[in-house]
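Chain order of the listed sequences is A and B.
Our numbering applies: residue 331 is where the first sequence begins, and numbers increase by one.
Our numbering applies: residue 331 is where the second sequence begins, and numbers increase by one.
Even for Gly, the Cβ is constructed at its ideal location relative to N, Cα and C.
The structure presented is a predicted model; accordingly, all values stated were derived computationally and were not measured.
There are 2 protein chains.
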Amino acid sequence: MGIGSCQHTIHRHQHHHSWDRDIPPALVVADGATVEFETTDASGGQLDPSSIAADLAGVDFGRVNPVSGPVFVEGTGPGDVLEVEILELAMTGWGWTAHFPGFGLLADQFPEPWLKHWELTPGSSTAPFADGIDVPVAPFPGTIGLAPPTPGPHSTVPPRPWGGNLDTRHLTAGTKLYLPVGVEGALFSVGDTHAAQGDGEVCGTAIESRMGIALRFRVHRHWGLRFPAFETFGAAPGDRATSGSFVTTGVGPDLMVAARDAISGMIDHLGATARLDPPEAYALCSVAVDLRIHEVVDQPNWVVGAWLPRGIVSR
Amino acid sequence: MGIGSCQHTIHRHQHHHSWDRDIPPALVVADGATVEFETTDASGGQLDPSSIAADLAGVDFGRVNPVSGPVFVEGTGPGDVLEVEILELAMTGWGWTAHFPGFGLLADQFPEPWLKHWELTPGSSTAPFADGIDVPVAPFPGTIGLAPPTPGPHSTVPPRPWGGNLDTRHLTAGTKLYLPVGVEGALFSVGDTHAAQGDGEVCGTAIESRMGIALRFRVHRHWGLRFPAFETFGAAPGDRATSGSFVTTGVGPDLMVAARDAISGMIDHLGATARLDPPEAYALCSVAVDLRIHEVVDQPNWVVGAWLPRGIVSR
């Protein structure tokens, strides 16, 4: 079951720009249904293969992160959990990564707009970043969630307990996501598809690329889940560092500062070893470096690590 | 090269209870030397196989986390980096995990002392936690570091830019740790050995167990490293979830609160699926569940995941 064999299709024009329980469903499905979604990229089509960095200033943030849907799932409501099985993602050929001024973990250090285009070859396990640097491709939906119970429009940028812009790179084909249901029918939407991302998405964007995505919905009644949960069923792509990693850390009393220090250390490392300039290194961190919390108990200092899989850089 | 074949030995009695640049070296070695250390467990011998939870109240925190050393490495000083190659760890047969009141990520929710003894079989890849629950064993030193440049005694509990109580479970045999040097001779010490731990060490203790550890030192001159870095050279044990994971998340504007919510969700999950009571589940999280930062850019809400490798629980 996957792209082309689902029971229903949500087309690209059936999208919306905020989470809102009062947006009429684009589709009503039964428990167990399979649905294929066409997504738009996170710019909502405002960037294209001819865009340059200067175009980022003209991007209307009211139109970013559109999501396709919503889908009303019959027989579910508040207190339930909607299982979303991710069946398949079909990549298209073009993607982009950008530094938007004011957005990202190190926004203060990277005030200039920066844009990179990616060539994504369907079926290829990597995408070329630079000579001797290839990023593992593992497509997933960055934004996947349900309408919040509070009436009115809610931005699609922050994630919430009902999901949304989770930007969790492990939600690849074969995984199952469990979302707390906030409203009758759940009102599911998906978008912001990514071809690759590291844990953290530190520069604020991944390899942004529109895709097709096939999903199956199942309803679990009366499961007291407060936040999204998910299941993976194998080592890849969550554990892609099979030949080891180089890890920089940050040590201190604030996890956010420690994450910033770990990424700054990795940018230095990539400059010294792979001869990347800081904006390039920052982007590579966003698409391929993973943040882990190594300890969070040795008062008053915690340790955050930034993990670069060894196989990515061969130059 | 490993236990029994090193050039030097630091014995168990050669330990100290604070980092202090003025503690005389127990040993002076050349660049490239190999040293075997006997470590004491994190209680400094205050707990033993006959201890019960009520004994935790009597533990003198002035004597916890002793480290064996210090070792003066010739030819290094401030601005350099000391490479510490972890050659081998030799486990002994007994370990412990405890909830100390007031200590740990969920200290407010777990006010009661709690103590578990572990039987560690040399050569076994797992340690039994309960019927149908086996924890992968991957020994490493919890505390490994150098004297800070500031004079006077410094607690061995928090880690610092020169290392210390990093509690980073990936520092297993075969990895290399890089520590910024703060003083002449680096003044290296190690202790607090752990048989297993999750990323986070959320209850505040791992499988605490004294061990032998063999290390090799190398000096790197003039490397502007601000915080510890390390290298791993294979998938295991950093990527132990080869058959997949169940992941709970926390979503919100504070990484610490998100980490707490993710672990609370995992404690609920382990209660519902593995029938563990909350203190047991909290301890299992500390020794086997990994915290990752999935996104830290979608203002104002971040996502932290708590990862339970699927193979650990079979009941």
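- Here Gly542 of chain A is bridged, per DSSP, to A:Glu368 and A:Ala420.
- Using a 10 angstroms sphere on the CB of Met541 of chain A, the tally of other CB atoms reaches 16 or more, which defines it as buried.
- Comparing alpha carbon positions, the residue from A:Ala372, A:Gly332, A:Gly388 and A:Gly580 closest to Thr364 of chain A is A:Gly332.
- Note on Pro488 of chain B: 16 or more other CB atoms within 10 angstroms of its CB, so buried under the neighbour-count rule.
- Inter-segment contact for the stretch 512-524 of chain B and the stretch 339-359 of chain B is present: three or more beta-carbon pairs are separated by less than 8 Å.
- For a Cβ distance threshold of 8 Å, residue set Phe576, Val577, Thr578, Thr579, Gly595 and His599 of chain B lies close to Ala559 of chain A, ordered along the chain.
- In the DSSP assignment, His599 of chain B falls outside any beta strand (DSSP E) and lies within the alpha helix (DSSP H) extending over Leu585 to Ala604.
- If the five residues before and after Leu412 of chain A are omitted, its C-beta is found closer than 7 Å to the C-beta atoms of Val403, Thr406, Leu476, Leu509, Val511, Ala516, Phe518, Phe547 and Val549, all from its own chain and listed in chain order.
- DSSP, reduced to helix, strand and coil, places Val617 of chain A within a helical segment of the structure shown.
- Counting the other CB atoms within 10 Å of its CB gives Thr535 of chain A a total of 16 or more, which places it among the buried residues.
- His484 of chain B does not reach chain A, its nearest Cβ partner there being about 11 Å away, counting only Cβ pairs nearer than 8 Å.
- With respect to the C-alpha of His338 of chain A, the residue from A:Gly362, A:Trp349 and A:His347 having the closest C-alpha is A:Gly362.
- For Glu442 of chain B, none of the residues of chain A pass the 9 Å Cβ criterion, the least Cβ distance being about 17 Å.
- Counting every other CB atom within 10 Å of its CB across the protein chains shown gives Val414 of chain B a total of 16 or more, marking it as buried.
- The C-beta of Gly580 of chain B has 16 or more other C-beta atoms within 10 Å across all chains shown, which makes the residue buried.
- In the three-state reduction of the DSSP assignment, Phe391 of chain B falls in the helix class, which pools H, G and I.
- At a cut-off of 8 Å between beta-carbon atoms, Phe430 of chain B makes no contact with chain A.
- For Thr369 of chain A, same chain residues with a beta-carbon under 6 Å away, outside a window of 5 residues either side, are Ser398, Gly521, Thr523, Arg540 and Met541 in chain order.
- With respect to the 8 Å criterion, Trp349 of chain B and Gly494 of chain B are classified as neighbours on the basis of their beta carbons.
- The beta carbon of Ile537 of chain B does not come within 8 Å of any beta carbon belonging to chain A, so the residue lies off that interface.
- Rounded to the nearest angstrom, the gap between the Cα atoms of Ala383 of chain B and Asp628 of chain A is 21 Å.
- Going by beta carbons, Gly554 of chain B and Asp620 of chain B fall outside the 8 Å limit.
- Within the same chain, and ignoring the five residues on either side of Gly564 of chain B in sequence, the residues whose Cβ sits closer than 8 Å to its Cβ are Gly504.
- Annotated as distal: Val633 of chain A and Phe560 of chain B, with beta-carbon spacing of 8 Å or more.
- The straight-line gap separating the alpha-carbon atoms of Leu600 of chain A and Arg590 of chain A is approximately 15 Å.
- The beta carbon of His624 of chain B sits closer than 8 Å to some beta carbon of chain A.
- Taking 8 Å as the cut-off, the beta carbon of Thr486 of chain A is found closer than this to the beta carbon of Asn395 of chain A.
- The secondary-structure analysis by DSSP pairs Ser381 of chain A with nothing; it has no beta-bridge partner.
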